[in-house]
Amino acid sequence: MEKFQLTLLFKIIGIGSASGLVYHDEKLYLISDNSTFLYEYSIPTEKLNKIALVENAQDNIAKKDKPDFEAIALKGNDLVVLGSGSTQNRNKVVKYDMNSKKIQERNFEKMYEKIKSQLHISADELNIEGLIVTTETIYFFQRGNGTNGKNGIIYANDDAENQVFQFVPFDLPKIKNIPTTFTDAVLVNDTIYFLASAEDTTSTYLDGEVLGSIIGTIDLKTMKLTGSVQISETNKFEGLTLYKQSENEIEFLLCEDTDSELLESNIYKLVIRD
Numbered sequence: 249m250e251k252f253q254l255t256l257l258f259k260i261i262g263i264g265s266a267s268g269l270v271y272h273d274e275k276l277y278l279i280s281d282n283s284t285f286l287y288e289y290s291i292p293t294e295k296l297n298k299i300a301l302v303e304n305a306q307d308n309i310a311k312k313d314k315p316d317f318e319a320i321a322l323k324g325n326d327l328v329v330l331g332s333g334s335t336q337n338r339n340k341v342v343k344y345d346m347n348s349k350k351i352q353e354r355n356f357e358k359m360y361e362k363i364k365s366q367l368h369i370s371a372d373e374l375n376i377e378g379l380i381v382t383t384e385t386i387y388f389f390q391r392g393n394g395t396n397g398k399n400g401i402i403y404a405n406d407d408a409e410n411q412v413f414q415f416v417p418f419d420l421p422k423i424k425n426i427p428t429t430f431t432d433a434v435l436v437n438d439t440i441y442f443l444a445s446a447e448d449t450t451s452t453y454l455d456g457e458v459l460g461s462i463i464g465t466i467d468l469k470t471m472k473l474t475g476s477v478q479i480s481e482t483n484k485f486e487g488l489t490l491y492k493q494s495e496n497e498i499e500f501l502l503c504e505d506t507d508s509e510l511l512e513s514n515i516y517k518l519v520i521r522d
């Protein structure tokens, strides 16, 4: 994990406050926590397509009104986009079928209430920032940047009728004496690669001074932290997706939330070598 290279790969005009991304078939699918669009960016042609996830979709929504789409994951041909659950209007989940182009929308309020009840997470602590969906299990990455610092992985079988949630807490490395907390994750074989950032705030709602970001690994089977390294002192990276993989190195694409209304997003490439 110590051998890494982080470079700015390109800039996308038209997307602000990028909070998650998925690379698939030479395209980047991005979400923004200020927006109700799914953005489809063709890397070869450099063309951006906007897909409305709701009626009257907008690029820049006021903080108090936004659905706060913070997590995106690939499940088969579906892209699953998830609100953070940090307020009442942030409980939406949207599925986009990349083949049929159809959109399905659900409200996750009951599921989030079940999570809070079963795991004793208060309403002002819940803050889902990452999502992994396998054939059997759904994993939520809870960013513990609230007062109680409840940072960890919430998981259960992917069956809404009979879900019993488990919580695995993680105390991640600190930056300038502030703990880093989960901002995204992706599964590669049996290893979870995750991003975490340090932000000088105890609020899941209000932003604070960004102190940097790390990338780390967790063994999926044991749920144990296996390594981490700080990759930035200034960026709040919020999106992580697998780009390329070879025997000796793995490449990811990253996006960052700049907490601004400027409609442009930098995409970074992170190379990790054995």
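Position one of the sequence shown corresponds to residue 249 (this note's numbering), numbered consecutively onward.
Ideal Cβ placement from N, Cα and C applies to all residues, glycine included.
- Note that the segment 393 to 400 does not touch the segment 340 to 347; fewer than 3 beta-carbon pairs, one per stretch, sit closer than 8 Å.
- Around the beta carbon of VAL436, fewer than 16 other beta carbons sit within 10 angstroms, so the residue counts as exposed.
- The alpha carbon of ALA371 has as its nearest neighbour, out of ARG391, GLY392, THR335, PHE389, the alpha carbon of THR335.
- Beta-bridge pairing by DSSP links HIS272 to LYS275.
- Pairing ALA446 with THR428 gives a Cβ-Cβ distance under 8 Å.
- Bridge pairing for ALA446: GLY460 [DSSP].
- Closest by C-alpha distance to ASP407, out of ILE386, GLN414, GLY392, is ILE386.
- Scanning VAL434, MET471, ILE423 for the CA closest to the CA of ASP448 turns up ILE423.
- If the five residues before and after THR255 are omitted, its C-beta is found closer than 6 Å to the C-beta atoms of LYS517, all from its own chain and listed in chain order.
- For GLN390, the three-state secondary structure derived from DSSP is strand.
- Boundaries of the alpha helix (DSSP H) harbouring LYS362: 357 to 367, taken from the DSSP string.
- A residue is called buried once 16 or more other Cβ atoms fall within 10 Å of its Cβ, and GLN352, having fewer, is exposed.
- With 16 or more other Cβ atoms from the protein chains shown falling within 10 Å of its own Cβ, THR489 counts as buried.
- Exclusion of the five residues before and after PHE356 leaves ASN339, VAL341 as the residues of its chain whose Cβ lies within less than 6 Å of its Cβ.
- Three or more Cβ pairs drawn from the segment 256 to 268 and the segment 505 to 522 lie within less than 8 Å of each other, which places the two stretches in contact.
- For GLY262, there is no enclosing beta strand (DSSP E), as DSSP marks it with neither H nor E.
- A distance below 6 Å between beta-carbons, with the five flanking residues on each side excluded, links GLN414 to the following residues of its chain, in chain order: TYR403.
- Judged by DSSP in its simplified three-state form, ASN410 adopts helix.
- Using a 10 angstroms sphere on the CB of VAL328, the tally of other CB atoms reaches 16 or more, which defines it as buried.
- ARG338 carries a coil assignment under DSSP once its states are collapsed to helix, strand and coil.
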